[in-house]
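Below you'll find the structure, written out as structure tokens, and then a few comments.
Protein chains in written order, with this note's numbering: chain U, 251 to 556; chain C, 189 to 637.
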């Protein structure tokens, strides 16, 4: 073993889609460079480390200086693995929006786990799969900081590859990573005049813009009457350049989560609309404003819907 | 004493799974299963959402193939709202779809699967992976990484956001392509095609040569196949009819919207992953290794088996050579890797075809839609297999019912058979080691679950 050991990196996914891990690989040359700075000790997508042998095996995860955990927590098994990771990793990072705020999977917090089970497994299939197992699933989808102490949130759906690599590199060097703190609008080049339509419409026809002209000649989508979550969403998706959805001329839906760690994207957006004099009643499915941040008890089952 | 050997987690696959091998008193394999425990709930939480938002929500089913879900949903919602995209909108969607296949196939083959063949079977797990490949063949690794980057960069230029995309919208596409962009993409597409051809040649020398030996070690299964073809029987990824092939080669074709007449879903108590089987064969469902019932495979090998031909010349030549050697249908599980690289060549050729069609750069990319009650089925071939999204909307254009059959779901049943077969063939008297258990995982990796 070499005397100056490189920091060890442990990557694990929980209630997740593997998009965050892919984003790290999408760093390409940057990812290859990162391999020179850290030793990967666990990363199921790439490395054959097995943490359980035997059916009842407890998770046996390696110690690491840096742990990246993607996904929220939805089952007892995931919770056990998460607690083990917390114990084994000196710095634990919530990797992506699901780990940080629940992400899309936390949309199911509008229903109980059992209701979801019953919808997904229709009656005829349930006869084979058995009944809902309370001892297996948690009551809802949690962000990981609801269950263990987390040292850093690295949100994004997925986070930007350059940002992931820079964050891990900074942590490996013992520095504090630099992450965006302002909203998506900070780097949005669209034209804002302070006035606009007094209502919001559904995104059923494209925004008004000249495809041959640069984006900085396009009017702000919110001012065009399209619901855009940019003002209440933390930036960073486009790096120092324009946000990714705006590059496609499509409004933001909030995938990096709230600007402040404890923010509430639904309330924050209603405030923004009120301050601009925009009527919020036109919004269909208002709870979708928590599309990416429904953990932390923000999305709850609607009792009336039973 | 009976015993269970677990492999947890199954690694170098694009999701989460566990293998449980049940041994009897004599240490022989009594059963072996691939279990996936997840309760994601997409079919629940899309309920009540405005349908036009769905393509941006269901993309999160899979971070590796978000384009597949994004586009299957967009096609389904088009049907719900009776909105027909203009030609440029259709072409841009298909171009993104095919490009997404390209970076996915490069990832799976080189980053996940190839280390099993490039390194010695008994090599240590700390070496038998992408990082080991970077050490041993740095030039190959660097080129593979660069080509994946190129495919992703092309997607970003067309669609802004490449992972968890947003550019496919009900009625078409959000942003037209300029003529200048089209020319640039054509040049890059030629680079990708050149790489794909070289990758296939290299794989024949370095990887496929080990297949005969490994297939013998893993044992065989015999199943049917499902994939997408056009009216002439050509391989298709984005649009076409579904073709279900019996293990012996007989086929029936049907419209994707009729899927529930030909296929059915069920679950087993040991896994929360549904399994799909061929209802049309009227033989029920069984994972019996010697006499399976209703079991078919999807994914690369299935598509290569069910199509009569491939409409692009380089891929067609490879298909003919493959068929001359392995027959039709080819049953060897590892041949899915070979089929994957034939499809990579096809995908690159298809990118050039689509970009050569000047309509792709027309400015009209979207037909405005009106919310209404309807039902829509959207189907595409994902890298992992046939993907079906089926949505029903209410008068306000919000979702009231959803059924999703993702590629891996079709393959749960045959993957279980492959795992069982491999475990039974390899394990004798309860003796296992790391190399043996990795071989069992290789049977799973071929499916790219």
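Note that beta-carbon positions come from the ideal geometry of N, C-alpha and C, so glycine has one too.
What are the partner residues of residue 422 of chain C, as DSSP defines its beta bridges?
Within the second chain, numbered from 1, the residue matching residue 422 of chain C stands at position 234. Beta-bridge pairing links residue 422 of chain C to C:497.
Comparing the C-beta of residue 450 of chain U with each C-beta of chain C, is any distance below 8 Å?
Residue mapping note: residue 450 of chain U aligns to position 200 of the first chain, counting from 1. With 8 Å as the cut-off, residue 450 of chain U does not count as an interface residue toward chain C.
Taking all protein chains shown into account, decide if residue 501 of chain C is buried (16 or more other Cβ within 10 angstroms of its Cβ) or exposed.
In the second chain, counting from the first residue as 1, residue 501 of chain C sits at position 313. With fewer than 16 Cβ atoms within 10 Å of its Cβ, residue 501 of chain C is classed as exposed.
Should residue 288 of chain C and residue 250 of chain C be called a contact, given that it needs their Cβ atoms to be closer than 8 Å?
Along the second chain, read from residue 1 onward, the residue named residue 288 of chain C stands at position 100. Along the second chain, read from residue 1 onward, the residue named residue 250 of chain C stands at position 62. No, Cβ-Cβ distance for residue 288 of chain C and residue 250 of chain C is not below 8 Å.
Using 8 Å as the cut-off, can you tell me whether the region 437-450 of chain U makes contact with the region 463-481 of chain U, which would need three or more C-beta pairs spanning the two stretches below that distance?
Output reads yes: the region 463-481 of chain U touches the region 437-450 of chain U.
In chain order, what residues of the same chain lie with their CB nearer than 7 Å to the CB of residue 503 of chain C, ignoring the 5 residues before and after it?
In the second chain, the residue the question calls residue 503 of chain C occupies position 315. Answer for residue 503 of chain C: 530, 533, 534, 537, listed in chain order.
Chain U beta carbons: is any one of them nearer than 8 Å to that of residue 238 of chain C?
Mapped onto the second chain, residue 238 of chain C falls at position 50. So yes, residue 238 of chain C belongs to the interface.
When the Cα atoms are used, what is the spatial distance from residue 549 of chain U to residue 535 of chain U?
Numbered from its first residue, the first chain carries residue 549 of chain U at position 299. Numbered from its first residue, the first chain carries residue 535 of chain U at position 285. If I take the Cα positions, the gap works out to 13 Å.
Report yes if the C-beta distance between residue 276 of chain C and residue 406 of chain C is below 8 Å; otherwise report no.
For this step, residue 276 of chain C is matched to residue 88 along the second chain. For this step, residue 406 of chain C is matched to residue 218 along the second chain. No; because the gap between Cβ atoms is not below 8 Å, this pair is not in contact.
Could one say the Cβ of residue 414 of chain U lies closer than 8 Å to chain C's Cβ atoms, at least one of them?
Numbered from 1 along the first chain, position 164 holds the residue referred to as residue 414 of chain U. No, because no Cβ of chain C sits closer than 8 Å to the Cβ of residue 414 of chain U.
Throw me the rounded Cβ distance for the residue 373 of chain C and residue 342 of chain C pair, which I believe falls under 8 Å.
The residue given as residue 373 of chain C occupies position 185 in the second chain. The residue given as residue 342 of chain C occupies position 154 in the second chain. That pair is a contact at about 6 Å.
Just to confirm, does residue 397 of chain C get its C-beta within under 7 Å of one of the non-hydrogen atoms of the ligand MN?
Questions concerning the ligand MN fall outside what the structure shown contains, since it holds no ligand whatsoever.
Mind checking residue 547 of chain C: buried by the 16 CB within 10 Å criterion, or exposed?
Along the second chain, one-based indexing puts residue 547 of chain C at 359. By the neighbour-count rule (16 or more Cβ atoms within 10 Å), residue 547 of chain C is not buried but exposed.
The region 521-550 of chain U: which residues have C-beta closer than 8 Å to a C-beta of chain C, in chain order?
Cβ contacts with chain C: 534, 535, 538, 541.
Let me check one thing: in DSSP terms, what residues is residue 635 of chain C bridge-paired to?
Counting from one through the second chain, the residue named residue 635 of chain C turns up at place 447. Answer is none; residue 635 of chain C lacks a bridge partner.
Specify the secondary structure class of residue 525 of chain U as computed by DSSP and reduced to three states.
For this step, residue 525 of chain U is matched to residue 275 along the first chain. DSSP places residue 525 of chain U in helix when its eight states are reduced to three.
Do the CB positions of residue 429 of chain C and residue 413 of chain C come within less than 8 Å of each other?
Start at 1 with the first residue of the second chain, and residue 429 of chain C comes out as number 241. Start at 1 with the first residue of the second chain, and residue 413 of chain C comes out as number 225. For residue 429 of chain C and residue 413 of chain C, no; Cβs fall outside 8 Å.
Quick one, which of U:489, U:269, U:485, U:451 has its alpha-carbon nearest residue 477 of chain U's?
Working through the first chain from its first residue, we reach residue 477 of chain U at position 227. Of the candidates U:489, U:269, U:485, U:451, the one whose C-alpha sits nearest the C-alpha of residue 477 of chain U is U:451.
In terms of DSSP beta bridges, what is residue 263 of chain U paired with?
Translated into positions along the first chain, residue 263 of chain U becomes position 13. According to DSSP, which records beta bridges pairwise, residue 263 of chain U is partnered with U:320.
Taking Cβ-Cβ distances shorter than 7 Å, what residues in chain U pair up with residue 229 of chain C?
As a working mapping, residue 229 of chain C is identified with position 41 in the second chain. Residues of chain U passing the Cβ test: 358, 366, 370.
Can you name, in chain order, every residue of its own chain whose Cβ lies under 7 Å from the Cβ of residue 528 of chain U, other than the five neighbours on each side?
Translated into positions along the first chain, residue 528 of chain U becomes position 278. Excluding residues within five positions, the ones whose Cβ falls inside 7 Å are 448, 449, 450.
Please report how far the alpha carbon of residue 555 of chain U lies from the alpha carbon of residue 346 of chain C, in whole angstroms.
Taking the first residue of the first chain as position 1, residue 555 of chain U is located at position 305. Taking the first residue of the second chain as position 1, residue 346 of chain C is located at position 158. Its pLDDT being 46, under 50, residue 555 of chain U is placed unreliably by the model, and the measurement read from it follows with that caveat. The straight-line gap from Cα to Cα measures roughly 41 Å.
Please state whether DSSP places residue 387 of chain U in a helix, a strand or coil.
Locating residue 387 of chain U in the first chain gives position 137, where the first residue counts as 1. Strand, per DSSP.
Candidates C:320, C:444, C:309: which alpha carbon is nearest residue 299 of chain C's?
Here residue 299 of chain C is taken as the residue at index 111 of the second chain, counted from 1. Nearest option by C-alpha distance: C:320.
Identify the contact partners of residue 337 of chain C in chain U, using a Cβ-Cβ distance below 7 Å as the criterion.
The residue given as residue 337 of chain C occupies position 149 in the second chain. Those are 278, listed as they occur along chain U.
Quick one: using the 10 Å Cβ neighbour count with 16 as the cut-off for buried, is residue 294 of chain C buried or exposed?
Stepping through the second chain from its first residue, residue 294 of chain C is reached at position 106. Flag for residue 294 of chain C reads buried.
Check the DSSP bridge columns for residue 465 of chain C and list the partner residues they point to.
Reading the second chain from its first residue, position 277 is the one you call residue 465 of chain C. DSSP, once it has assigned bridges, lists C:452 as partnering residue 465 of chain C.
Hey, residue 334 of chain U and residue 318 of chain U are a contact pair by Cβ (cut 8 Å); roughly how many whole angstroms apart?
Reading the first chain from its first residue, position 84 is the one you call residue 334 of chain U. Reading the first chain from its first residue, position 68 is the one you call residue 318 of chain U. Actually they are not in contact, since the Cβ atoms of residue 334 of chain U and residue 318 of chain U sit about 15 Å apart, beyond 8 Å.
Need the endpoints of the beta strand (DSSP E) that residue 191 of chain C sits in, please.
As a position in the second chain, residue 191 of chain C is number 3, starting the count at 1. 191-195 is the extent of the beta strand (DSSP E) around residue 191 of chain C.
So if I threshold CB-CB distances at 8 Å, which residues from the region 266-299 of chain U count as touching chain C?
Here the close residues are 266, 267, 268, 269, 270, 271, 272, 273, 275, 276, 278, 279, 281, 282, 285, 290, 294, 295, 296, 297, 298, 299.
Kindly confirm or deny that the region 466-474 of chain C and the region 584-595 of chain C touch, where touching means at least three C-beta pairs closer than 8 Å.
As far as the Cβ criterion goes, the region 466-474 of chain C does not touch the region 584-595 of chain C, which means the pair count is below three.
Which residues in chain C have a C-beta closer than 9 Å to the C-beta of residue 355 of chain U? List them in chain order.
Start at 1 with the first residue of the first chain, and residue 355 of chain U comes out as number 105. 228, 229, 230, 233, 248, listed in chain order.
Take the Cβ of residue 251 of chain U as the centre, count every other Cβ of all protein chains shown within 10 Å, and call the residue buried at 16 or more, exposed below.
The residue you call residue 251 of chain U lines up with position 1 of the first chain. Only weak support is given to the placement of residue 251 of chain U: the predicted model assigns it a pLDDT of 47, under 50, and the question is left unresolved by the model.
Is the distance from the Cβ of residue 475 of chain C to the Cβ of residue 483 of chain C below 8 Å?
Position 287 of the second chain, counting from 1, holds the residue named residue 475 of chain C. Position 295 of the second chain, counting from 1, holds the residue named residue 483 of chain C. The answer is yes: Cβ separation under 8 Å.
Applying the criterion that 16 or more other CB atoms from any shown protein chain within 10 Å of the CB defines a buried residue, is residue 606 of chain C buried or exposed?
Here residue 606 of chain C refers to the residue found at position 418 when the second chain is read from its first residue. Buried is the call here.
Which residue comes first and which comes last in the beta strand (DSSP E) that contains residue 206 of chain C?
Numbered from its first residue, the second chain carries residue 206 of chain C at position 18. Here the beta strand (DSSP E) through residue 206 of chain C covers 206-211.
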